[in-house]
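Undergrad: Sharing a structure with you now.
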Amino acid sequence: MKFWKLLFAATLAGLMFTINTAYADALDGIMKSGQIKIAIQEGFPPFGSVGTDMQPQGYDIDVAKLIAKGLGVKLKLVPVTSANRIPYLLTHKVDLVIASLGKNAEREKTIDFSRAYAPFFLAVFGPPQAPIHKMSDLAGKTIGATRGSVEDLALTKLAPPTATIKRFEDNNTTISAYLSGQVPLIATGNVIIAAVAKRDPGHAPVEKVSIKNSPCYIGLNKGEDKLKAKVNALIGQAISDGALDKLSRKWFGMPLPKLPG
Amino acid sequence: MDYQLHFQAVWPYAGQLAYGTWLTIKLTAISVAGGLAVGTIGAACRTGSHRWLSAAVGVYVEAIRNTPLLVQLFFIFFGLPSAGIKITATEAAVLAMIINLGAYATEIIRAGIEAVHRSQIEAAQSLGLSRLQTFRHVIIVPALTKIWPALSSQCVFIMLGSSLVSQISAQELTFTANFIASRNFRSFEVYVVATLIYLVLSVGLRQILRLIDRYAFARR
Numbered sequence: 001m002k003f004w005k006l007l008f009a010a011t012l013a014g015l016m017f018t019i020n021t022a023y024a025d026a027l028d029g030i031m032k033s034g035q036i037k038i039a040i041q042e043g044f045p046p047f048g049s050v051g052t053d054m055q056p057q058g059y060d061i062d063v064a065k066l067i068a069k070g071l072g073v074k075l076k077l078v079p080v081t082s083a084n085r086i087p088y089l090l091t092h093k094v095d096l097v098i099a100s101l102g103k104n105a106e107r108e109k110t111i112d113f114s115r116a117y118a119p120f121f122l123a124v125f126g127p128p129q130a131p132i133h134k135m136s137d138l139a140g141k142t143i144g145a146t147r148g149s150v151e152d153l154a155l156t157k158l159a160p161p162t163a164t165i166k167r168f169e170d171n172n173t174t175i176s177a178y179l180s181g182q183v184p185l186i187a188t189g190n191v192i193i194a195a196v197a198k199r200d201p202g203h204a205p206v207e208k209v210s211i212k213n214s215p216c217y218i219g220l221n222k223g224e225d226k227l228k229a230k231v232n233a234l235i236g237q238a239i240s241d242g243a244l245d246k247l248s249r250k251w252f253g254m255p256l257p258k259l260p261g
Numbered sequence: 001m002d003y004q005l006h007f008q009a010v011w012p013y014a015g016q017l018a019y020g021t022w023l024t025i026k027l028t029a030i031s032v033a034g035g036l037a038v039g040t041i042g043a044a045c046r047t048g049s050h051r052w053l054s055a056a057v058g059v060y061v062e063a064i065r066n067t068p069l070l071v072q073l074f075f076i077f078f079g080l081p082s083a084g085i086k087i088t089a090t091e092a093a094v095l096a097m098i099i100n101l102g103a104y105a106t107e108i109i110r111a112g113i114e115a116v117h118r119s120q121i122e123a124a125q126s127l128g129l130s131r132l133q134t135f136r137h138v139i140i141v142p143a144l145t146k147i148w149p150a151l152s153s154q155c156v157f158i159m160l161g162s163s164l165v166s167q168i169s170a171q172e173l174t175f176t177a178n179f180i181a182s183r184n185f186r187s188f189e190v191y192v193v194a195t196l197i198y199l200v201l202s203v204g205l206r207q208i209l210r211l212i213d214r215y216a217f218a219r220r
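These protein sequence lines are chains R and S, in that order. Last residue of the first sequence: 261 (the working numbering), numbering continuous. Last residue of the second sequence: 220 (the working numbering), numbering continuous.
This is how it looks when you write it as C-alpha cells:
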C-alpha cells in the first residue's frame, strides 16, 4: 500500500509541477513563441476603436505595438470588452491587458498591474489664460457639467458654495455650451476633451483644477514578475524618451501629464 | 408589479422642486404676456393693408410653426453667442418661448380678426372711428372673444413646452426633476411628483385664462 500512496503522491506532485511549468513564466513563453497576445478594446475611442480601414487604432493599440516592439516579438491583438478583459487574462487567452484598465483594490486581489501608462482624469477645463489654479479659485464662477456624471457629483461636493454648476443633458451639450461661450469652464474627462481637440484644435480647453485622477494600467497575471519588470521598464523608457508624450498628443490632444509610478 | 414607491426619497429636494416650479410659473407668465403681445401685433400686420409687412410676418409664422421648439431653443442658446450676443439660459428660454407662442398666437388671432364681419368695420368707419379705435373696439376684442379657447390651449401648450428649456440648463421644473432623478435614482417617484405639479399648473392657468375671459370680454 505504501508504494501506491507514494506513486499517487508522486503523480500529483508531477501534475502540479507540469501545471506550474506550463504557466511558470509568461515572458519565457512569449520569447519562445515569438508572439505576444494583448487584449485591447475596440469600442472606446481614443483608447481603442476601429478605423475606417477596419483595423484597430488608438492609444492602447499604439502602446501594445510599442511593448511588442520593445520585446522584439510579433503582436497579436485580441479584442475584448470591458466586462471580459480580466477573464481573458485569467484564462491565459492573453498575456497582457491594455484596455484603459483602472486600478482598484478589488482588481488588485485577482491581477497585477504595471506602472501607469495612460492619463485618465476628470478635471475642470477652461481657456489657457484663465487665472484658475485650485478649487477655491472657482468661487463665483460658472462651470458646465453633464448632469449626474461622476464629475458632476464630485464637483458638487468639492466646489466652493458660491460656484454655479450649470448642468446639461449629455457630454455633447456640455461641450457645445463651452464652445459657444455659454459657460466659461467645464468639468469633464480628458477623453472628452480629446474629442474636442480633434475636431477643433484651436479651441480645446486645458486642465485647470483636477477633480479625480484614475490613470490606466496594463494588467497582467499575478506572479509574472519578470514580465512585469520588463513591461515597466518599457513604459519607463517610453516616458523618458517622449514616445508616450507623442502618443498622448496624437490621441488625447494634450501633452502627457505626470503619471504615478 | 412589486415596485416599492419611495416618495420620501423626493422629500429632501422639496425646496428645489418649489424653486423649479416657481421658475416654470415665471417663464410661463412672461412668455404668455410677451407671446400674446407679439401675436396681436403680428395678426394686425398680417391682416393689414401693408403688403411687405404682411409677407414678413407670414415668413416668421411659417418658419416658427414648421420647426421644433427645441431646435429654436438651441438656435438661440448656442447660435446667438456665436454672433456675439451673450444671453443666459433663462433669457434664451424666455426669448424662444415668446417667439414660438407669438407665431402660433398670430395665426390664431388672425383667424379671429378675419371672422369679424366686414360690415362691422364699415359701420365703425361710417361712425367716424379712427383706425386705431376701430381695431381696438370693433376688431380685436370681438376677435379675441371668439378665439379665446384656442388661444388658452396654446398658452397651456407653451407652459408644458417650457419643460424643453431644461435642455439648456434653465433650472425649471423638468430640470429639477431630472436633477433629482440623477441624484436619488428614484425616477418614477420624481416624475410622478413633477407630473402632478404640471397638472396643477395647467388647470390653474386654464382657470386664470377663463377668469380673464369672463371679466375682460364681459359683453358676451
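Glycine included, every Cβ here is placed at the ideal spot set by N, Cα and C. Note that this is a predicted model, so its numbers are computed, not measured.
Spatial neighbours of R/Thr-21 within its chain, please: C-beta separation below 7 angstroms, excluding the five flanking residues on both sides.
TA: Interpretation of R/Thr-21 is limited by its pLDDT of 47, a score under 50 that renders its predicted location unreliable; no figure is taken from the coordinates.
Undergrad: Around the C-beta of R/Thr-162, are 16 or more other C-beta atoms found within 10 angstroms, so that it is buried, or is it exposed?
TA: Burial call: exposed.
Undergrad: Shorter than 8 angstroms from the beta carbon of S/Pro-81 to some beta carbon of chain R?
TA: Yes, because at least one Cβ of chain R sits closer than 8 angstroms to the Cβ of S/Pro-81.
Undergrad: Can you pull the chain R neighbours of S/Phe-7, defined as C-beta to C-beta under 7 angstroms?
TA: Correct list: empty, because the minimum Cβ distance to chain R is about 20 angstroms.
Undergrad: If contact is defined by three or more beta carbon pairs under 8 angstroms, each pair taking one atom from either stretch, is the segment 77-84 of chain S in contact with the segment 113-123 of chain S?
TA: Result no; under three Cβ-Cβ pairs closer than 8 angstroms.
Undergrad: Determine the burial state of R/Gly-58: buried for a count of at least 16 other Cβ atoms within 10 Å of its Cβ, exposed for fewer.
TA: Its Cβ being crowded by 16 or more others within 10 Å, R/Gly-58 is buried.
Undergrad: By the three-class DSSP mapping on this structure, what secondary structure does S/Arg-210 have?
TA: Looking at S/Arg-210 - three-state DSSP - the assignment turns out to be helix.
Undergrad: Tell me which residues of the segment 55-80 of chain S have at least one Cβ-Cβ distance to chain R shorter than 7 angstroms, keeping chain order.
TA: Here the close residues are Phe-77 and Phe-78.
Undergrad: Consult DSSP for R/Asn-20 and reduce its assignment to one of helix, strand or coil.
TA: At R/Asn-20, the pLDDT of 48 sits below 50, so the modelled position is not reliable; the number obtained from the coordinates is stated separately. It is helical.
Undergrad: Check distances from the C-beta atoms of the segment 184-195 of chain S to those of chain R and list, in chain order, the residues that come in under 7 angstroms.
TA: Hits within the stretch: zero.
Undergrad: Looking at the C-beta of R/Arg-167, does it have a partner C-beta in chain S at a distance below 8 angstroms?
TA: Output row for R/Arg-167: interface = yes.
Undergrad: Using CA coordinates, which residue listed in S/Ala-115, S/Cys-155, S/Arg-183 and S/Ala-216 is at the minimum distance from S/Ala-9?
TA: The shortest Cα separation from S/Ala-9 among S/Ala-115, S/Cys-155, S/Arg-183 and S/Ala-216 belongs to S/Arg-183.
Undergrad: In three-state terms, what does DSSP make of S/Ala-92?
TA: It is helical.
Undergrad: Since R/Pro-215 is in the alpha helix (DSSP H), which residue starts that stretch and which ends it?
TA: Premise fails: R/Pro-215 is in no alpha helix (DSSP H) and is neither H nor E.
Undergrad: Could you tell me which residues DSSP puts in a beta bridge with R/Leu-247?
TA: Answer is none; R/Leu-247 lacks a bridge partner.
Undergrad: Taking the continuous beta strand (DSSP E) assigned at S/Thr-67, which residues delimit it?
TA: Run containing S/Thr-67: none; DSSP gives neither H nor E here.
Undergrad: Could you check what DSSP says for R/Phe-168 in three-state terms: helix, strand or coil?
TA: In the structure shown, R/Phe-168 sits in a strand (DSSP, three-state: E or B).
Undergrad: Is it buried or exposed, R/Ile-193, if we count other Cβ atoms within 10 angstroms and call 16 or more buried?
TA: By the neighbour-count rule (16 or more Cβ atoms within 10 Å), R/Ile-193 is buried.
Undergrad: Would you decide whether S/Met-97 is buried or exposed? Buried here means 16 or more other CB atoms lie within 10 Å of its CB.
TA: With 16 or more other Cβ atoms within 10 Å, it is buried.
Undergrad: State the beta-bridge partners of S/Thr-28 as determined by DSSP.
TA: Partner(s): none; S/Thr-28 has no beta bridge.
Undergrad: Please report whether the beta-carbon of R/Thr-21 lies at a distance below 8 angstroms from any beta-carbon of chain S.
TA: In this prediction, R/Thr-21 has a pLDDT of 47, which is less than 50 and means its spatial position is unreliable; what the coordinates show is noted afterwards. Chain S contact via Cβ: absent.
Undergrad: Would S/Ala-43 and S/Ile-109 qualify as a contact pair, given that the criterion is a beta-carbon distance under 8 angstroms?
TA: Taking 8 angstroms as the Cβ cut-off, S/Ala-43 and S/Ile-109 qualify as a contacting pair.
Undergrad: Can you tell me the Cα-Cα spacing of R/Ala-118 and R/Leu-259, whole angstroms?
TA: Straight-line Cα distance between these residues: approximately 7 angstroms.
Undergrad: For the segment 152-203 of chain S, list the alpha helix (DSSP H) runs that are entirely contained and at least 4 residues long, ordered along the chain.
TA: Runs found: 173-184.
Undergrad: I need the straight-line Cα distance from S/Ile-25 to R/Leu-101, nearest angstrom please.
TA: Answer to the nearest angstrom: the Cα atoms are 48 angstroms apart.
Undergrad: Measuring CB to CB, does R/Thr-156 end up less than 8 angstroms from R/Asn-171?
TA: No, these two residues do not count as a Cβ contact at 8 angstroms.
Undergrad: Compare the C-beta of R/Gly-29 with all C-beta atoms of chain S and state if any pair is closer than 8 angstroms.
TA: Not one chain S Cβ lies under 8 angstroms of R/Gly-29.
Undergrad: Given a threshold of 16 other Cβ atoms within 10 Å of its Cβ, counted over all protein chains shown, does S/Ser-187 qualify as buried or as exposed?
TA: Burial call: exposed.
Undergrad: For R/Phe-168, is the classification buried or exposed, using 16 other Cβ atoms within 10 angstroms of its Cβ as the cut-off for buried?
TA: So R/Phe-168 counts as buried.
Undergrad: According to DSSP, which residues form a beta bridge with R/Gln-41?
TA: Beta-bridge pairing links R/Gln-41 to R/Val-80.
Undergrad: With a threshold of 8 angstroms, are at least 3 pairs of Cβ atoms found where one atom belongs to the segment 71-80 of chain R and the other to the segment 108-125 of chain R?
TA: The segment 71-80 of chain R, when compared against the segment 108-125 of chain R, does not touch it at the 8 angstroms Cβ threshold.
Undergrad: Using three-state DSSP, classify S/Leu-205 as helix, strand or coil.
TA: S/Leu-205: helix per DSSP, three-state reduction.
Undergrad: Under 8 angstroms, Cβ to Cβ, is there at least one residue of chain R near S/Phe-157?
TA: With 8 angstroms as the cut-off, S/Phe-157 does not count as an interface residue toward chain R.
Undergrad: From which residue to which residue does the beta strand (DSSP E) around S/Arg-136 run?
TA: Premise fails: S/Arg-136 is in no beta strand (DSSP E) and is neither H nor E.
Undergrad: Can S/Leu-164 and S/Phe-217 be called in contact, C-beta distance under 8 angstroms?
TA: No, these two residues do not count as a Cβ contact at 8 angstroms.
Undergrad: Compare the Cα-Cα distances from S/Gln-72 to each of S/Ser-162, S/Ala-18, S/Thr-176 and S/Leu-17 and report the closest residue.
TA: Out of S/Ser-162, S/Ala-18, S/Thr-176 and S/Leu-17, S/Ser-162 has the C-alpha closest to the C-alpha of S/Gln-72.
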